[in-house]
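Asks: Under UniProt numbering, think of the first position of the sequence shown as 1, with each following residue one higher.
There's a structure below that I have some questions on.
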Amino acid sequence: MSDSPDAVTDALLSASRLLVAISARSIAAVDETITIPQFRTLVILRTRGPMNLATLAGLLDVQPSTTGRMVDRLVTSGLIDRRSHPGSRRELLVELTARGRDTVDAVTASRREEIAAIVAEMPQRQRHGLIRALNAFTSAGGESTVGSSGDDLVL
């Protein structure tokens, strides 16, 4: 088995297809109307709390108008609410509703369960190596690693 950058890239692409499929199945099992970008929005609000549309757009790396349309759909679905910003009458904040929090938590629990079942099929030595490799990959990509604190709300 080669450890060339191309071989590593190919392996990560294969793994990412599996992870996206797990995410899509988990989302559909909870609410088949939610798209992956909408779920990303819910996760950001779940982990970071209420924020204005400009901040949310920046975190999603999309235009504020795109975020506004997505927020409209999520408000209509009862997953998020808009409210006045306490420090600025011109700004609105968006935040998860109880239904939105429950949705994120249910999808995350489903994903965790499916991933855990796959990991349980791996030999212990490979699991240990996978932890190190994925933590290194995640750090190199500028993301924080998930600990055992339950902070596993990632997409």
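All residues carry an ideal CB built from backbone N, CA and C; glycine is no exception.
This structure is a prediction, so every number in the text was calculated from the model and none was measured.
Using the beta-carbon count (16 or more within 10 Å), is T145 buried or exposed?
Replies: For the purposes of this step, residue 145 is identified with residue 145 of the sequence shown, where counting begins at 1. Its Cβ having fewer than 16 others within 10 Å, T145 is exposed.
Asks: Got a sec, what are the start and stop residues for the beta strand (DSSP E) D61 sits in?
Replies: In the sequence shown, residue 61 corresponds to position 61, counting from 1. Taken as a continuous stretch (DSSP letters only), D61 belongs to no beta strand (DSSP E), as it is neither H nor E.
Asks: Between V8, V20, P64, which lies nearest to L92 when the distance is taken from Cα to Cα?
Replies: Looking up residue 92 in the sequence shown gives position 92. Here the closest residue by C-alpha is P64.
Asks: Who are the Cβ neighbours of L42 in its own chain at under 8 Å, not counting the five residues just before and after it?
Replies: Here residue 42 corresponds to residue number 42 of the sequence shown, with the count starting at 1. Closer than 8 Å at Cβ, skipping near neighbours: I34, L74, L79, I80, L96, G100, T103, V104.
Asks: Please report the Cβ distance between L53 and V94, rounded to the nearest whole angstrom; I am assuming they are in contact, meaning their Cβ atoms lie under 8 Å.
Replies: Start at 1 with the first residue of the sequence shown, and residue 53 comes out as number 53. Start at 1 with the first residue of the sequence shown, and residue 94 comes out as number 94. Correct: roughly 7 Å between the Cβ atoms.
Asks: With a cut-off of 8 Å, do at least 3 Cβ pairs link the stretch 13 to 24 to the stretch 43 to 51?
Replies: Touching, no.
Asks: So which of I115, L134, S77 has the shortest CA-CA distance to T9?
Replies: Within the sequence shown, numbered from 1, the residue matching residue 9 stands at position 9. That would be L134, whose Cα lies nearest to the Cα of T9.
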